[in-house]
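Novice: Protein chains in written order, with our numbering: chain Z, 15 to 388; chain R, 15 to 388.
Note that beta-carbon positions come from the ideal geometry of N, C-alpha and C, so glycine has one too.
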DNA sequence: TTGTAAGCGTTATCAA
DNA sequence: TTGATAACGCTTACAA
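#1: Below 9 angstroms between beta carbons is the criterion; list the residues of the region 335 to 349 of chain R that meet it against any residue of chain Z, in chain order.
#2: Below 8 angstroms on the Cβ atoms is my guess for residue 101 of chain Z versus residue 140 of chain Z; work out the distance and round it to an integer in Å.
#3: Measuring only between beta-carbons, confirm whether residue 84 of chain Z sits less than 8 angstroms from chain R.
#4: Report the rounded CA-to-CA distance for residue 288 of chain R versus residue 243 of chain Z, giving the unit in angstroms.
#5: Quick check on the burial criterion: 16 or more other C-beta atoms within 10 angstroms. Buried or exposed for residue 306 of chain R?
#6: Mind checking if residue 313 of chain Z is an interface residue toward chain R, Cβ cutoff 8 angstroms exclusive?
#7: State whether the region 223 to 237 of chain R contacts the region 263 to 272 of chain R, with contact taken as three or more CB pairs (one from each stretch) at a distance under 8 angstroms.
#8: Is there contact between the region 346 to 354 of chain R and the region 315 to 330 of chain Z, where contact requires at least three CB pairs shorter than 8 angstroms?
#9: Figure out for me which residue from R:292, R:317 and R:312 has the closest Cα to the Cα of residue 371 of chain R.
#10: According to DSSP, is residue 357 of chain Z helix, strand or coil?
#11: How do the region 98 to 115 of chain Z and the region 144 to 157 of chain Z stand: do at least 3 beta-carbon pairs fall below 8 angstroms, yes or no?
#12: Against residue 146 of chain R, what residues of chain Z qualify as contacts under a CB-to-CB distance less than 9 angstroms, listed in chain order?
#13: Looking only at C-alpha atoms, which of R:369, R:195 and R:128 sits nearest to residue 297 of chain R?
#14: Whole angstroms is fine: what's the gap from residue 135 of chain R's alpha carbon to residue 223 of chain R's?
#15: At the level of alpha carbons, what is the spacing between residue 331 of chain Z and residue 300 of chain R?
#16: If the criterion is Cβ atoms closer than 8 angstroms, does the pair residue 212 of chain Z and residue 365 of chain Z meet it?
#17: Any idea if residue 73 of chain Z is buried or exposed, counting beta-carbon neighbours within 10 angstroms, 16 or more meaning buried?
#18: Would you kindly report the start and end of the unbroken beta strand (DSSP E) that includes residue 129 of chain R?
#19: Distance, Cα to Cα, residue 85 of chain Z vs residue 133 of chain Z?
#20: Please report the straight-line C-alpha distance between residue 184 of chain Z and residue 191 of chain Z, rounded to a whole angstrom.
#21: Along chain R, which residues have their Cβ under 8 angstroms away from the Cβ of residue 226 of chain Z?
#22: Short of 7 angstroms in beta carbon distance, which residues of its chain neighbour residue 256 of chain R, apart from the five on each side in sequence? Order them along the chain.
#23: Ends of the beta strand (DSSP E) at residue 161 of chain R?
#24: Pair every Cβ in the region 60 to 67 of chain R with every Cβ in the region 114 to 133 of chain R, then say whether three or more of these pairs are closer than 8 angstroms.
#25: My output table needs one value for residue 181 of chain R: the three-state DSSP class, helix, strand or coil.
#26: Tell me the DSSP bridge mates of residue 99 of chain R?
#27: Would you say residue 332 of chain R lies against chain Z (beta-carbon separation less than 8 angstroms)?
#28: When we look at the beta-carbon of residue 40 of chain R and count the other beta-carbons within 10 Å, is it buried (16 or more) or exposed?
#29: For residue 30 of chain Z, count neighbouring C-beta atoms within 10 Å of its own C-beta (all shown protein chains included) and say buried if the count is 16 or more, exposed if not.
#30: When Cβ atoms are compared, which residues of the region 98 to 112 of chain R fall closer than 8 angstroms to chain Z?
#31: Tell me whether residue 58 of chain R is buried or exposed, calling it buried when 16 or more other Cβ atoms sit within 10 Å of its Cβ.
#32: Would you list the one or two residues that DSSP bridges to residue 215 of chain R?
#33: Are the beta-carbon atoms of residue 361 of chain Z and residue 302 of chain Z separated by less than 8 angstroms?
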């Protein structure tokens, strides 16, 4: 027996040996020369234990660095903590922060804890986290997927694990999802720009591998083709995913000739990057962004956006999940969060205005002043 | 025995009765007429089980809505998932979102999951969550405290639970903490304003019950008294905690006469609220805010701030916690995150400028135009 | 005041 | 291919 093997080792060796298994109450009991139950009493601060015994046991606990195993405790006590897991891309993106906030809220209302992880857009991490969360025994999962194949989940789905996808749809499996009206929203944004006379409109977005990006690009193309505008590939930039990268990409876009007069930014990261670049270059294009953001109203030219309600997406996703957990069965549900166009100024700059300011700017060639007044 | 009691109930009743205890493998086994171990085999998709048996068991699982208990499983398999808990105020505040992001990152690097909860500044919720998290068996806790008495934690601290406080210090117990240089930072901000000739400077903050607010107010007073400026209570507003409330409070502050020429906003919520109010009222005061924020550089008047590095706070907090978990002992550690003043424009508007614009504005009494040019 | 034995719901071992 | 039994680390019931 292993027990006997341990007995032959000195207590100090047991203390020092970092590799030895975690000490149990049994170990503490042996060390203190009392029964397991007495240790339990001390650990749980039950009364009716003699002070001297308490001291002995506490010493042993200290020496062995004993910590109670909550798993065993909760199993025995019949305590089953409920939790759900959320996998997002990154909390630094306010869209996901708001999404997570709504989910956290719902989890709390339903007496579940929230375990939060960030995939950083890495499919490998997504899978690892899903497996990890399932092993933890979460009741359900909310996923903003980074991967393009979710068949690895199908076995668990059969076994009753509940999964809801957010922002992007599941691939290869049937599952609930809450999505934005990406294509329609993007289309509306670009149509809006076209209605102000623009024909050279940039698309600034994530790589097309991301479903939201691809869908929004489709909306962009829809609007162009309806208006009979030919797509100029040079105006399409889909290599950025951070604010900084978007800023650089915008600078590239600004160099294209004939120059673009408007820009559609595919999410708040791109929009902010684009605005930074435009401000730095002192270029005044019409801009519409996907996703609203806190300070959109307060910029020098308030920003026209397709408001994409992250909070609502999180709320509805959690609602679906908790419905499932409450026993609602049936085929996969799909909910669409509509986008509202909020005109604030940046999207209503006319093509003519832009062209005029471009003309004067070309004259002044390399002058970098903050003042634009003529 | 309860077992017998259950036996007398029909299987269907057992299915329907939502109140009956969760079914176990034993229940499934009985239902399917096989042994417990066979059920285990099916659940774990072990081979070497006859197809007919598998079918029988799966049917029983379906009927009883059986789900494997991960607690028991992990206990038996010796799997102990590690996790830490984080209690913040609210993810919608970008300061906490960045803090949480850094903690999530560190948790991930240390192979721990992160359980995230929001206290919403409610001491009661804080306590509930702490207890809940400890019951879950988290290895450690990172807390942005809402409460003013943490003695309820002392028993657990003795028992080896590791706790690190963030942003606000622990009360009534000794524990590690990572704090901002609140007083010094606020003082620097207000001195900066004073150096531009301001003497009527508003303090816009949270209620004084919040340590950060109280400390930053001390810094505000330090700067005033050093400059020999008498405190005008009417310029101090500490009743807001949301952007919206800050906006309203700012409107109140603007009515004070003689009028203030500058404003110090105690955190990013107050700063944004103040800027909104100022923009709406077309009032041009000097403003310095505590906390940097993403678009501070891009507003019409770029915002001067005391940059308060949320990411660094989260990172260092997690570092302290994982050091403790790795066995570092010793007295409570305290780390200070210094604030850097970043002058961008809003804080460098001189008192004279403000007074001039105020004068012209008083003339034009009630005209609400967007144009300010003279 | 302390200890013994059973059991929480699963998996591992070994036998049938 | 299936099943009986012990064990994971703790708490509960009961006994000493």
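Specialist: According to the data block:
#1: The region 335 to 349 of chain R vs chain Z, Cβ under 9 angstroms: 341.
#2: The Cβ separation is near 6 angstroms, so the contact holds.
#3: Yes, residue 84 of chain Z counts as interfacial toward chain R.
#4: It is roughly 44 angstroms from the alpha-carbon of residue 288 of chain R to the alpha-carbon of residue 243 of chain Z.
#5: By the 10 Å Cβ count, residue 306 of chain R comes out buried.
#6: Contact of residue 313 of chain Z with chain R is assigned, a C-beta pair being separated by under 8 angstroms.
#7: In short, these stretches do not touch, since the Cβ pair count stays below three.
#8: In short, these stretches do not touch, since the Cβ pair count stays below three.
#9: Nearest in C-alpha terms to residue 371 of chain R, of all of R:292, R:317 and R:312, is R:292.
#10: In this structure, DSSP gives residue 357 of chain Z a state outside helix and strand, which the three-state scheme calls coil.
#11: The answer is yes - the region 144 to 157 of chain Z touches the region 98 to 115 of chain Z, with three or more Cβ pairs under 8 angstroms.
#12: In chain order: 95 and 127.
#13: For the residues R:369, R:195 and R:128, the minimum Cα distance to residue 297 of chain R belongs to R:369.
#14: Distance from the CA of residue 135 of chain R to the CA of residue 223 of chain R, rounded to the nearest whole angstrom, comes to 11 angstroms.
#15: Rounded to whole angstroms, the gap between the alpha carbons of residue 331 of chain Z and residue 300 of chain R is 43 angstroms.
#16: Contact: yes.
#17: Looking at its Cβ environment, which holds fewer than 16 other Cβ atoms inside 10 Å, residue 73 of chain Z is exposed.
#18: For residue 129 of chain R, the enclosing beta strand (DSSP E) has its first and last residue at 127 to 132.
#19: Roughly 27 angstroms between the two C-alpha positions.
#20: So the alpha carbons of these two residues sit roughly 7 angstroms apart.
#21: For residue 226 of chain Z, no chain R residue has a Cβ inside 8 angstroms of its Cβ, as the nearest lies near 20 angstroms away.
#22: The answer, listed in chain order, is 283.
#23: Run containing residue 161 of chain R: none; DSSP gives neither H nor E here.
#24: No, the region 60 to 67 of chain R does not touch the region 114 to 133 of chain R.
#25: Three-state result, residue 181 of chain R: coil.
#26: R:129 and R:155, per the DSSP bridge assignment.
#27: By this cut-off, residue 332 of chain R is not an interface position.
#28: Label assigned to residue 40 of chain R: exposed.
#29: Note that residue 30 of chain Z has pLDDT 38, beneath the 50 cutoff, so the model's placement of it is unreliable and no number is given.
#30: Within the region 98 to 112 of chain R, the residues whose Cβ lies closer than 8 angstroms to some Cβ of chain Z are 104, 105, 106, 108, 111 and 112, listed in chain order.
#31: By the beta-carbon neighbour count (other beta carbons within 10 angstroms, threshold 16), residue 58 of chain R is exposed.
#32: Its beta-bridge partners are R:276.
#33: Their beta carbons are under 8 angstroms apart, which means residue 361 of chain Z touches residue 302 of chain Z by this criterion.
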